[in-house]
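Engineer:
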C-alpha cells in the first residue's frame, strides 16, 4: 500500500506533498530575465545620458541612415501628436542634412 501524507486538506495518497508544492511554486514564479536587444548601430558610436528628478534618458548615436527611435519605436509613431512635434523641433532646426547619416536610439524611463 502506498504511503499517505497528512495535509490540512486531509491525507493525500502517494509521495511527499512538499515535492508537488515546490514544483507548483516554481511554475508560478515569473521569469525575471530581461531580453536585451542588440542595437543595430555599427561603426562609430557615441552614448550619452541625462537625468531630471526620477527620469532617465539614454541616447546612442552612430553611423546609419537617419533612423530615430524612441524606446524601440520610430519617432513617426510617437503619441500624442503634440509631443511628437516637440521632439521633432531640434531636428527641424538643424536640418535633415546634418543627421541623415546618423542613427539615434533613445531609451526613456521615468
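In the working numbering, the protein residues as written are 1271 to 1380. Cβ atoms here follow ideal geometry from the backbone N, Cα and C, with glycine treated the same way.
1) Which value, in whole angstroms, describes the spacing of the CA atoms of residue 1371 and residue 1313?
2) Could you check how far apart the C-beta atoms of residue 1320 and residue 1369 are, in whole angstroms? I think they sit under 8 Å.
3) Mind checking residue 1375: buried by the 16 CB within 10 Å criterion, or exposed?
4) Look at the Cβ atom of residue 1316, then the Cβ atom of residue 1341, and state whether they are nearer than 8 Å.
5) Secondary structure at residue 1367, three-state DSSP: helix, strand or coil?
Structural biologist: Taking the structure as given:
1) Indexing the chain shown from 1 puts residue 1371 at position 101. Indexing the chain shown from 1 puts residue 1313 at position 43. If you take the alpha carbons of residue 1371 and residue 1313, they lie about 12 Å apart.
2) Residue numbering aside, residue 1320 sits at position 50 when the chain shown is read from its first letter. Residue numbering aside, residue 1369 sits at position 99 when the chain shown is read from its first letter. Wrong, their Cβ atoms sit about 18 Å apart, outside the cutoff.
3) As a working mapping, residue 1375 is identified with position 105 in the chain shown. Under this definition residue 1375 is a buried residue.
4) Stepping through the chain shown from its first residue, residue 1316 is reached at position 46. Stepping through the chain shown from its first residue, residue 1341 is reached at position 71. No, they are not a contact pair.
5) Position 97 of the chain shown, counting from 1, holds the residue named residue 1367. Here residue 1367 sits in helix by DSSP.
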